[in-house]
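>
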Amino acid sequence: MSAEVASNEKIPFLQKIIYGLGALINNLLSAAIGGMVIVLNLGLGMNPALVGLVSALPRLTDAITDPLMGYISDHTKSKWGRRRPYIFCGAIAAGIIFALLWQLPEGKSEEYYFWFFLVGSFIFYLAYTMFATPWVALGYELTPDYHERTRLMATQNFMGQIAYLIAPWFLWFMQNDLLFEDMMAGAAWLAVIIGAFTICVGVLPAIFLKEPIKHVQAGPIPGEQFITPGVKGFLKGFATTVKFRPFLFLCAATFLVFNGFMMVASFQSYVIIYYIFDGDTSMGAEYAGWSGTLAAISTFCVIFIVTKFSTHFDKRKGFFFAIGISVVGYVLKWFCYTPDYPLLMLLPVPFIAFGLGGLFTLMGSMIADVCDMDELNTYERREGMFGSIYWWVVKLGMAAALAAGGFLLNATGFDVALGGAQSAETIYLMRIFDAFIPALCSAIAILMVYWYPITEQKAGEVRDALDARRLPVTTDSK
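Quick note on the working numbering: the sequence shown kicks off at 742 and runs consecutively.
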């Protein structure tokens, strides 16, 4: 049962909303870059395997850039704070570069488009990292309260789901003949709209949120510097983070749930178009849009349900509850995706929504608890490093999913030139992959969190130990 939150640890609702605007931008960019790449195949005829590679390769560099940005943010000292300058500049840079990325010249070769998009994506993800990594770290340190952290993450996840309410209609928008002469022209205009929105909204957390003032900590040797600056400090901090077992369990669970979902997020469109609607892209895009809209609406409800459940029964049990329901939803796809009753495809959607809805409501709160336990062991506050490595795992999951999705599509024997005349074996394999790969991944993720050791009682003990160890902040009364 949740306890009352101390007034000095409660985050005002408006500040939760403003922090949540960062999630809206984070998710919008992620959904856009993942959902719009289908244009490279359907609009330019690029091989699906190449589309998967051009989507996946830039994310692999995040293994270096994300932790580096986290380390830089943790060690920044400025009058604007450790996080806010990067959030502000990163939002502007990401918006501009994303808009430019989709201004693809006409009449070029497949190889040209591959390299153009690959190089542009590398640059875009650098700017994206500059924004996202400090924004994530800021959320971990806004409150020390066990349940208020969950409520903050629930609010930001709720705000972030607005992006997924919009994103399913991107394909419909880009291929709309009444608006654009071709799909690539639609993608170019959509990118400009998303880029401008990113700039205008992404800077708001940097402007209106205040970074908390940390207490000075008493180490085992008074006056010793525990956070080593420079390359040595970065490598030491990175190694300490990736060896911390509670954190690894959360990363593994996230990779499995998110990777399973994203693998079929791109794959699912092909199942809907070529199985349910026999190759009718227009009808498939419309129904995919309605499915995505229902998923987003369902996730809003899921966030509320999972937050209430976890604040009464603990975060781990909340995870088991949410992910278990999503497994049921994935399995239902096998029975509900049928050309005889197209509307039946909407039935699994609310069940599946418990997956990512529960995952990103709980994981941010749980990682904040991990940061406390790490501080107890290391005498360091490294929200930036933990957040960067965690979200790199999310991006790695997306990269692996996008790459695997392209190769799996080829493995089914899919040929875009055949339209609705795909072979029975191709359709069967597409359906198998779509329903059962994410179900299996989510089931394994439940086992990972079963081994995660930080319960509400344990988190309380860690916080009591930290409070006893921290030196009070002294102020000049004059």
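The beta carbon of each residue, even a glycine, is placed where N, CA and C say it ideally should be.
A quick note: this is a predicted structure, and the numbers were derived from the prediction, not measured.
#1: Given 8 Å as the limit, is there contact between the segment 976-990 and the segment 847-866, that is, 3 or more CB pairs closer than that?
#2: Less than 8 Å separating the beta-carbons of threonine 995 and valine 1090?
#3: Using 8 Å as the Cβ pair cut-off and three pairs as the minimum, do the segment 1155-1162 and the segment 780-790 touch?
#4: If you draw a straight line from the alpha carbon of alanine 835 to that of alanine 1209, how long is it in whole angstroms?
#5: Within 10 angstroms of its Cβ, does asparagine 767 collect 16 or more other Cβ (buried), or is it exposed?
#6: Do you know how far the Cα of methionine 1003 is from the Cα of serine 1067?
#7: Could you tell me which of Ala908, Thr1048, Thr884 sits nearest to lysine 951, measuring between CA atoms?
#8: Can you tell me which of the three DSSP states arginine 1204 falls into?
#9: Across which residues does DSSP place arginine 1057 in a beta bridge pair?
#10: Could you check what DSSP says for arginine 1211 in three-state terms: helix, strand or coil?
#11: Taking the CB atoms as reference points, tell me whether isoleucine 1064 and leucine 991 lie closer together than 8 Å.
#12: Take glycine 1201 as the anchor and find which of Glu750, Tyr887, Ala873 has the nearest alpha-carbon.
#13: Do isoleucine 828 and phenylalanine 872 come within 8 Å of each other at the CB atom, strictly closer than that value?
#14: Go ahead and label phenylalanine 1148 buried or exposed: buried means 16 or more other beta carbons lie within 10 angstroms of its beta carbon, across all protein chains shown.
#15: My assumption, with CB atoms under 8 Å, is that arginine 890 sits in contact with threonine 1048. Please give the rounded CB distance.
#16: Methionine 1126 and cysteine 1153 - do their beta-carbons sit closer together than 8 Å?
#17: Determine the closest residue to aspartate 1019 out of Ser1129, Lys1056, Pro1083, with distance taken between C-alpha atoms.
#18: Excluding five sequence neighbours on each side, which residues of the same chain lie with their C-beta closer than 7 Å to the C-beta of lysine 751?
#19: What's the gap between the Cα of glutamine 966 and the Cα of leucine 1207?
#20: Classify tyrosine 1191: buried if its beta carbon has 16 or more other beta carbons within 10 angstroms, exposed otherwise.
#21: Would you say proline 909 and serine 1106 are within 8 Å of each other, going by their C-beta atoms?
#22: Tell me, to the nearest whole angstrom, how far the beta carbon of threonine 1119 is from that of threonine 981; I am working on the premise that it is less than 8 Å.
#23: Return the first residue and the last residue of the alpha helix (DSSP H) that serine 814 is part of.
#24: Determine the contact status of isoleucine 1044 and glycine 1098, defining contact as a CB-CB distance below 8 Å.
#25: Can you name, in chain order, every residue of its own chain whose Cβ lies under 6 Å from the Cβ of phenylalanine 979, other than the five neighbours on each side?
#26: For the segment 759-776 and the segment 933-953, state whether three or more C-beta atom pairs, one from each stretch, are separated by less than 8 Å.
#27: To the nearest angstrom, how far is the alpha carbon of glutamine 1198 from that of glutamate 1116?
#28: Just tell me which of Phe1092, Tyr760, Arg1123 has its CA closest to the CA of lysine 977.
#29: Hey, how far is the Cα of phenylalanine 855 from the Cα of asparagine 788?
Well, looking at it:
#1: The segment 976-990 vs the segment 847-866: no contact.
#2: By 1-based counting over the sequence shown, the position of residue 995 is 254. By 1-based counting over the sequence shown, the position of residue 1090 is 349. No, the pair does not count as a contact, with Cβ atoms beyond the cut-off.
#3: Contact holds: three or more Cβ-Cβ distances are below 8 Å.
#4: What you label residue 835 is simply residue 94 of the sequence shown in a count that begins at 1. What you label residue 1209 is simply residue 468 of the sequence shown in a count that begins at 1. Straight-line Cα distance between these residues: approximately 42 Å.
#5: Position 26 of the sequence shown, counted from the start, is the residue given in the question as residue 767. Buried, since its Cβ has 16 or more Cβ neighbours within 10 Å.
#6: For the purposes of this step, residue 1067 is taken as the residue at position 326 of the sequence shown. For the purposes of this step, residue 1003 is taken as the residue at position 262 of the sequence shown. Cα to Cα, the separation comes out at about 14 Å.
#7: One-based indexing of the sequence shown puts residue 951 at position 210. For the residues Ala908, Thr1048, Thr884, the minimum Cα distance to lysine 951 belongs to Thr884.
#8: Translated into the one-based positions of the sequence shown, residue 1204 becomes position 463. Helix.
#9: Start at 1 with the first residue of the sequence shown, and residue 1057 comes out as number 316. For arginine 1057, which the question treats as bridged, DSSP gives no partner whatsoever.
#10: By one-based count along the sequence shown, residue 1211 stands at place 470. If DSSP states are grouped into helix, strand and coil, arginine 1211 belongs with the strands.
#11: Taking the first residue of the sequence shown as 1, we reach residue 1064 at position 323. Taking the first residue of the sequence shown as 1, we reach residue 991 at position 250. Cβ atoms of isoleucine 1064 and leucine 991: not closer than 8 Å.
#12: Locating residue 1201 in the sequence shown gives position 460, where the first residue counts as 1. Answer by Cα proximity: Tyr887.
#13: The residue given as residue 872 occupies position 131 in the sequence shown. The residue given as residue 828 occupies position 87 in the sequence shown. Going by C-beta atoms, phenylalanine 872 is nearer than 8 Å to isoleucine 828.
#14: The sequence position of residue 1148 within the sequence shown is 407, counting from 1. Exposed.
#15: The count along the sequence shown starts at 1 and reaches residue 890 at position 149. The count along the sequence shown starts at 1 and reaches residue 1048 at position 307. About 11 Å separates the beta carbon of arginine 890 from that of threonine 1048, a gap too long to meet the 8 Å contact definition.
#16: Within the sequence shown, numbered from 1, the residue matching residue 1153 stands at position 412. Within the sequence shown, numbered from 1, the residue matching residue 1126 stands at position 385. Checking the sequence, you will find threonine at residue 1153 rather than cysteine. For the 8 Å CB-CB criterion, threonine 1153 and methionine 1126 do not form a contact.
#17: Here residue 1019 refers to the residue found at position 278 when the sequence shown is read from its first residue. The option with the nearest alpha carbon to aspartate 1019 is Pro1083.
#18: On the sequence shown, residue 751 is found 10 positions in, with the first residue counted as 1. These residues qualify, in order along the chain: Glu889.
#19: Residue numbering aside, residue 966 sits at position 225 when the sequence shown is read from its first letter. Residue numbering aside, residue 1207 sits at position 466 when the sequence shown is read from its first letter. The pLDDT assigned to glutamine 966 is 41, lower than 50, so where the model puts this residue is not dependable; a value taken from the coordinates is nonetheless given after this. About 18 Å.
#20: To locate residue 1191, count along the sequence shown from 1; it is residue 450. Here tyrosine 1191 is exposed. Its C-beta has fewer than 16 other C-beta atoms within 10 Å.
#21: Within the sequence shown, numbered from 1, the residue matching residue 909 stands at position 168. Within the sequence shown, numbered from 1, the residue matching residue 1106 stands at position 365. Contact flag unset, no.
#22: By 1-based counting over the sequence shown, the position of residue 1119 is 378. By 1-based counting over the sequence shown, the position of residue 981 is 240. Their Cβ separation, rounded to whole angstroms, is 6 Å, which keeps threonine 1119 and threonine 981 in contact under 8 Å.
#23: Indexing the sequence shown from 1 puts residue 814 at position 73. Taken as a continuous stretch (DSSP letters only), the alpha helix (DSSP H) holding serine 814 covers 803-816.
#24: Translated into the one-based positions of the sequence shown, residue 1044 becomes position 303. Translated into the one-based positions of the sequence shown, residue 1098 becomes position 357. With a cutoff of 8 Å on beta-carbon distance, isoleucine 1044 and glycine 1098 are scored as near each other.
#25: Here residue 979 corresponds to residue number 238 of the sequence shown, with the count starting at 1. Excluding sequence neighbours, phenylalanine 979 sits near Pro808.
#26: A contact exists between the segment 759-776 and the segment 933-953.
#27: For the purposes of this step, residue 1198 is identified with residue 457 of the sequence shown, where counting begins at 1. For the purposes of this step, residue 1116 is identified with residue 375 of the sequence shown, where counting begins at 1. When rounded, the distance between both Cα atoms is 17 Å.
#28: The sequence position of residue 977 within the sequence shown is 236, counting from 1. Ranking Phe1092, Tyr760, Arg1123 by Cα distance to lysine 977 puts Arg1123 first.
#29: Position 114 of the sequence shown, counted from the first residue, corresponds to residue 855. Position 47 of the sequence shown, counted from the first residue, corresponds to residue 788. If I take the Cα positions, the gap works out to 10 Å.
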